[in-house]
Amino acid sequence: MKIMDMVELSCAGSRASISLQGAELRSWTAGSASLIWDPDPAIWGETAPILFPVVGWTRGGQVRAGGRSYPLGLHGFARDMAFRVASAAADQVALTLASDDSTRRQFPFEFRLTVDYRLRPRALVAALRVENCGSVPLPYACGLHPGFRWPFAGGDRRDYSIRFGSNECAEVPEISEKGLFLPSLRRVPLEGRSLALTPELFAREALCFLNARSRSLRFEHKSGAAISVAATNFPHFALWAKPEAFFLSIECWTGHGDPDGFAGDLFAKPSMRVLEPGACGHHLVEYGFESPTV
0 MKIMDMVELS CAGSRASISL QGAELRSWTA GSASLIWDPD PAIWGETAPI LFPVVGWTRG
60 GQVRAGGRSY PLGLHGFARD MAFRVASAAA DQVALTLASD DSTRRQFPFE FRLTVDYRLR
120 PRALVAALRV ENCGSVPLPY ACGLHPGFRW PFAGGDRRDY SIRFGSNECA EVPEISEKGL
180 FLPSLRRVPL EGRSLALTPE LFAREALCFL NARSRSLRFE HKSGAAISVA ATNFPHFALW
240 AKPEAFFLSI ECWTGHGDPD GFAGDLFAKP SMRVLEPGAC GHHLVEYGFE SPTV
């Protein structure tokens, strides 16, 4: 383990790098397989941002609480904040972010967010803990947003698919040019549990499977290599890519972007969680890697 601006984890041939800036997973290697994409600032300069205290776009880049408006945009502010190390070992690190004057200017609530990473030989566990440190209820949403290499096992991007743990609806919400959820739906080429992946599939924004039946999915290559994602206390999955880029982001969310026209406060915002004073919310995702050759 090495702590400076980055934390380096290792376990039985697996390695991971986590930045203190945003508690962001910057790399994950299982054996010889490098699984997180190399960021390109001209396309997407991030690798795996932590989403908090909102997920998705907010209407006009504003949220409302207590009769006031606050500037809080896409996916909140956690990804832009410096976290501190709470505990660390060779294969584990816990990073924390607490409310302060800068967060209160965007989100007038007292909180502590802990991001815990645990590396295993062919797995990585990421857990979020949200604590209400104030005297009033705390509304929040959180999410994990890793961008995986696509392709991660060679071949063409069209050789890959998503296989859900259960049958899912083949219609997903349309998303406006401003990132807001529209009432209309669009069909995706989902057959039972399998979604064939193509770059063109993402020409009209992310595919958001809200209140998914599945608690897990697999990002599969036709060879049998796969990245698995198993979510606990995350009801929504989203798939996002840019057609010209070589990544697929598999996102786990508790909340989602504002509906078009939404003008309510944070407590009325769809799919927000609310914690009473002193209460905690726990959310976890386990990522695994399987390969015939690694």
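Okay, so the sequence shown: first residue is 0 according to numbering that gives the first Met the number 0, each after it adds one.
Virtual Cβ for every residue (Gly too), placed ideally from N, Cα, C.
- Our two residues, H220 and A152, have alpha carbons roughly 7 Å apart in a direct line.
- For S101, the enclosing alpha helix (DSSP H) begins and ends at D100 to R103.
- Put simply, of S86, Y116, Y159 and P138 the residue whose alpha carbon is nearest the alpha carbon of E23 is Y116.
- Straight-line measurement puts the Cα of R214 at about 31 Å from the Cα of A262.
- E173 and R83 have their alpha carbons spaced roughly 38 Å apart.
- Taking 8 Å as the cut-off, the Cβ atoms of C207 and A237 count as close.
- For the pair G72 and S18, the Cα-to-Cα distance works out to about 22 Å.
- Between S101 and F110, the gap from beta carbon to beta carbon reaches 8 Å or more.
- For the segment 156-198, the continuous beta strand (DSSP E) assignments of 3+ residues that do not extend past its boundaries occur at 159-163, 170-174, 180-186 and 193-195, in sequence order.
- Out of P234, S16, G65 and F245, the CA that lies nearest to the CA of V135 is found in G65.
- For the 8 Å CB-CB criterion, G178 and W56 form a contact.
- E199 sits exposed, since fewer than 16 C-beta atoms from the chains shown fall within 10 Å of its C-beta.
- Only residues of its own chain outside the window of five on either side were considered, and among them W149 have a CB closer than 6 Å to the CB of F245, listed in chain order.
- Three or more Cβ pairs closer than 8 Å define a contact, and the segment 84-93 falls short of that threshold against the segment 26-33.
- Taking 8 Å as the cut-off, the beta carbon of A81 is found no closer than this to the beta carbon of T113.
- In terms of Cα proximity to P145, the closest of W252, F266, L8 and L265 is W252.
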